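Heads up: the structure comes next, in structure tokens.
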Amino acid sequence: MTSIVLYCRPGFEKECGAEIQEKASWNEVYGYLQLTKNQGVVYFHLNNAEEGEVLMEKIPLRRLIFARQWFVTVTEKIDLPDYNRVETICQALGNEWQYADLRMETPDTNDGKELSKFCRKLAVPLRQGLRKEKILTEKGDKDGAVLHALFLSGKEVIMGYSLARNTSPHVMGIPRLKFPSAAPSRSTLKLDEAFLHFIPRNEWETRLTSGMNAVDLGAAPGGWTYQLVRRGMMVTSVDNGPMAESLMATGQVKHRTMDGFKYVPQKQNVYWLVCDMIEKPQRVAKLMSEWLLKGQCQEAIFNLKLPMKGRYQQVVDDLQTIKDAFSAHKVKYELYAKHLYYDREEVTVHARLLSPPPVTLDERKS
Ligand SMILES: C[S@@+](CC[C@H](N)C(=O)[O-])C[C@H]1O[C@@H](n2cnc3c(N)ncnc32)[C@H](O)[C@@H]1O
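Note that full-length UniProt numbering has the sequence shown beginning at 1, numbered continuously upward.
Below you can see the structure in the form of structure tokens.
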């Protein structure tokens with residue numbers, strides 16, 4: 001049986017499963033789900049084995065909200081002996097396909113963390129063994145397919161592959177970011193990860209650069225503002241709560257103590273709008289689309305809180321609100337949402353218009 005294996009935050013298996021099943025059905029690919037609560041791994045067993053690759057070709061991983069990483073299985077669960085583990089894995093793989101890279105992975109659980117020590121020890125001999133058998137090569141097949149080894153225990157592994165052009169660059173889809181000691185809150189990592197995820201590195205010089213103006217709604221104590229300041233931006237931070245003095249001392253931050261829903265930017269040339277207000281997601285979604293449609297900012301990154309129940313459907317509905325607002329004005333846009341590693345009960349969204357914003361409300365009045 002061929003399956004798509006997806007990694008998500010433990011506790012979000014249902015959402016991750018519902019999403020792959022829905023998006024697969026849009027591509028007329030069908031199968032059934034197998035998930036265990038809080039394991040952070042979802043199996044989508046395909047009715048038709050050949051369709052694994054079809055799905056990997058057709059659905060960009062970027063379009064999946066709850067999946068951090070994925071692969072198509074090449075083997076069933078392999079029982080590992082105490083000795084000759086490398087040989088057992090090589091044999092199970094055969095030498096039909098070549099891969100350009102190997103990822104040693106475990107579920108993102110406490111047991112998985114323990115297991116990763118075992119994986120680290122096995123990584124070198126396994127790589128060597130795979131190279132010797134020419135399973136791991138410089139280029140690999142399928143435009144550099146990536147080989148995944150998902151260890152469920154020291155005695156069980158599932159092997160599979162993802163396509164290099166449609167995979168996360170991070171092991172298990174988890175970027176390991178270092179908490180900057182000068183940042184005033186741990187939330188800072190969320191915006192750091194969001195920039196890393198949504199904005200391609202080779203575009204940072206034009207889209208994430210010093211001298212830009214930014215607005216941070218729900219900014220206190222300043223974790224997100226810190227990320228903007230760190231990149232040399234001038235930031236207006238809106239929040240009734242206090243901002244960290246270290247940030248105010250940079251001279252790059254103006255603090256406005258007011259309601260983020262009422263704030264109107266004074267400057268014409270705000271590039272970034274970021275928003276981490278803990279508020280009803282529908283309200284935030286509406287506010288963000290208004291800022292973009294009025295041309296009050298060029299790009300926005302914001303969080304949408306997840307409800308206790310019906311989380312996948314709620315995110316789909318919130319995103320639809322934004323899409324409807326953009327479509328009503330016939331603008332081209334880019335809209336991506338991801339349950340990032342540093343997110344918990346929220347997803348992070350990136351939105352920008354790819355065509356000029358429609359006439360602003362002020363202009364319409366005059
Ligand atoms: C999760 S915290 C933000 C943390 C911040 N991003 C950081 O990295 O330090 C949410 C903030 O939103 C603010 N907030 C909630 N509703 C707001 C509103 N209507 N207007 C302005 N700020 C609001 C709260 O005062 C709180 O400081």
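A virtual CB, placed ideally from N, CA and C, is assigned to each residue, including glycine. In this text the structure is predicted, and so the values were computed from the model without any measurement.
Please classify residue 302: does DSSP put it in a helix, a strand, or coil? DSSP places residue 302 in strand when its eight states are reduced to three.
Contact check, residue 234 vs residue 272 under 8 Å by CB: the rounded distance? Your pair residue 234 and residue 272 does not check out as a contact, with CB atoms roughly 10 Å apart and the cut at 8 Å.
When burial is assigned at 16 or more other CB atoms within 10 Å of the CB, is residue 349 buried or exposed? Label assigned to residue 349: buried.
Grouping DSSP H, G and I as helix and E and B as strand, with all else coil, what is residue 18? Note: residue 18 maps to helix in three-state DSSP.
Helix, strand or coil at residue 275 [DSSP, three-state]: DSSP places residue 275 in the strand class (E or B) of the three-state scheme.
Any idea which residues DSSP pairs residue 283 with across the strands? Bridge partners of residue 283: none, in fact.
According to DSSP, is residue 236 part of a helix, a strand, or is it coil? Of the three classes helix, strand and coil, the one that applies to residue 236 here is strand, per DSSP.
Sort out for me which residues DSSP pairs residue 156 with in a bridge. Partner residues in the beta bridge of residue 156, as assigned by DSSP, are 79 and 153.
Backbone CA spacing between residue 175 and residue 341 [nearest angstrom]: Approximately 7 Å between the Cα atoms of the pair.
Cross-strand partners of residue 69 (DSSP beta bridge): Residue 69 is bridged by DSSP to 7.
Nearest residue (CA-CA) to residue 88, options 325, 158, 52 and 287: The candidate whose alpha carbon is nearest that of residue 88 is 158.
Residue 238: which of 259, 130 and 244 sits nearest, CA to CA? When each option's Cα is compared against that of residue 238, the closest is 259.
Since residue 161 and residue 74 are thought to touch, with beta carbons under 8 Å apart, how far apart are those beta carbons, to the nearest angstrom? Between the beta-carbon of residue 161 and that of residue 74 there is about 6 Å, and that keeps the pair under the 8 Å contact cut.
Look at residue 299 and residue 352 and say whether their C-beta atoms are less than 7 Å apart. Cβ distance < 7 Å, so residue 299 and residue 352 count as in contact.
Does DSSP put residue 319 in a helix, a strand or coil? Helix.
Could you tell me the distance, in whole angstroms, from the CA atom of residue 229 to the CA atom of residue 166? Spanning the two alpha carbons is a distance of roughly 32 Å.
The alpha helix (DSSP H) spanning residue 53 covers which residue range? From DSSP, the alpha helix (DSSP H) with residue 53 extends over 51-58.
Given residue 248, which residues of its chain have a CB within under 7 Å of its CB, disregarding the five upstream and five downstream residues? Around residue 248: 255.
Does the Cβ-Cβ distance between residue 215 and residue 265 come in under 7 Å? Residue 215 is a Cβ neighbour of residue 265, given a cutoff of 7 Å.
Given this structure, state the Cα-to-Cα distance separating residue 99 from residue 145, to the nearest angstrom. Using only the alpha carbons, I get a separation of about 5 Å.
Nearest-angstrom Cβ-Cβ length linking residue 186 and residue 223, presumed shorter than 8 Å: Contact between residue 186 and residue 223 holds: CB atoms are separated by about 7 Å, below the 8 Å threshold.
Residue 62 and residue 312: beta carbons closer than 7 Å? Judged by their CB atoms, residue 62 and residue 312 are not nearer to each other than the 7 Å cut-off.
Would you call the region 323-334 in contact with the region 47-66, where contact means no fewer than 3 C-beta pairs closer than 8 Å? Output reads no: the region 47-66 does not touch the region 323-334.
Spell out the partners DSSP gives residue 333 in its beta bridges. Its beta-bridge partners are 353.
Do residue 35 and residue 29 have their C-beta atoms within less than 7 Å of each other? Not in contact: residue 35 and residue 29 (Cβ atoms no closer than 7 Å).
Does the Cβ of residue 301 lie closer than 6 Å to at least one heavy atom of ligand 1? Residue 301 Cβ: outside cutoff for every heavy atom of ligand 1.
Would you kindly work out how many angstroms separate the C-alpha atoms of residue 194 and residue 301, rounded to a whole number? Taking the straight line from one Cα to the other gives about 8 Å.
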